[in-house]
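Scroll down for the structure; my scribbles are underneath it.
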Amino acid sequence: MKKFILKFAVLVLCVFSTVIVFGQKNQDTIKVVQFSGLVVTEQGGDVVPLPYTNIGVKGTSRGTVSEINGFFSLVGKVGETVVFSHLGYQTVEFLIPDTIRNNMYSFIQIMSQDSILLPTAVIYPWPSREYFDIEFLAIDVSDEMQERAKRNLASNALSKLRETVPVDGTEAGNFYLKEQAAATYSAGQFKPQKIFDLVAWSKFIKAWKRGDFKRKKSDDN
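Residue numbers (mature numbering (1 follows the signal peptide of the UniProt record, and there is no 0)): -23 to -1, 1 to 198.
Structure, rendered in structure tokens:
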């Protein structure tokens, strides 16, 4: 009986060792590849790179994002599924083939735009239609708003605002470019003095004869 138990234990141990070796051999045969390539799309009839595309191995936490030129690179295994996803584009899955002979695989993925039709949504400034009657009856139909708009758009009010309100980036950029262009006229020489500008003197005399300075003084008062 003891010999039988000993033989049975040796047999079980041999079978178990064979299973471990076979499983280890299967794990060793799973090839790891460097999966890299480009993500592109069609735009205006041309093929252009698609940056910031999410690329991940399905069922794992491994993944990456395509660069500004559409290039990507990640480590994958033969038989794994690589998922390409991007907002506004159809999600694509690619199975790494088992016919790869080396440990590097290059691939170009073309992404197609995905159009989603949303139902029409009408935005109202009231919680419900019942509030429309209340707000419509309470609306101010007087000329106060119109008179206030006229006062705000008056020339005197705009002139005061022009002195206090800072310029935006576009206006400041245009002013700088004009100053640079004007400076090129006197580059390498003395800058002309406005006091000797005959055109400016002519405009000044005409404005003085028209009484423009008197009207400006009265408006300031």
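Cβ atoms here follow ideal geometry from the backbone N, Cα and C, with glycine treated the same way.
Local conformation of residue i per DSSP, three classes
i	result
K186	helix
G56	coil
E70	strand
N31	strand
S38	coil
E44	coil
S179	helix
For residue i, the nearest candidate out of the options (CA to CA)
i	options	result
G53	T97, I172, Q11	Q11
G65	T18, V142, R125	T18
G36	I45, G56, M122	G56
F48	S119, F181, Y29, D110	Y29
I93	Q67, R78, S105	Q67
K8	P26, I77, G14	I77
V24	G33, F71, M88	M88
N46	M81, L27, I32	L27
CB-CB length for residue i against residue j, believed under 8 angstroms
i	j	result
T41	L51	5 angstroms
V16	Q86	5 angstroms
G14	S62	Rounded, the Cβ-Cβ distance is 16 angstroms, inconsistent with contact.
Which ranges does the alpha helix (DSSP H) cover as unbroken runs of at least 4 residues, wholly within the region 131 to 174, from first to last along the chain?
-> Entirely contained in the region 131 to 174, the alpha helix (DSSP H) runs reaching 4 residues are, in chain order, 132 to 141, 146 to 162.
What are the complete alpha helix (DSSP H) segments, minimum 4 residues, inside the region 77 to 117?
-> Qualifying alpha helix (DSSP H) stretches, in chain order: 107 to 114.
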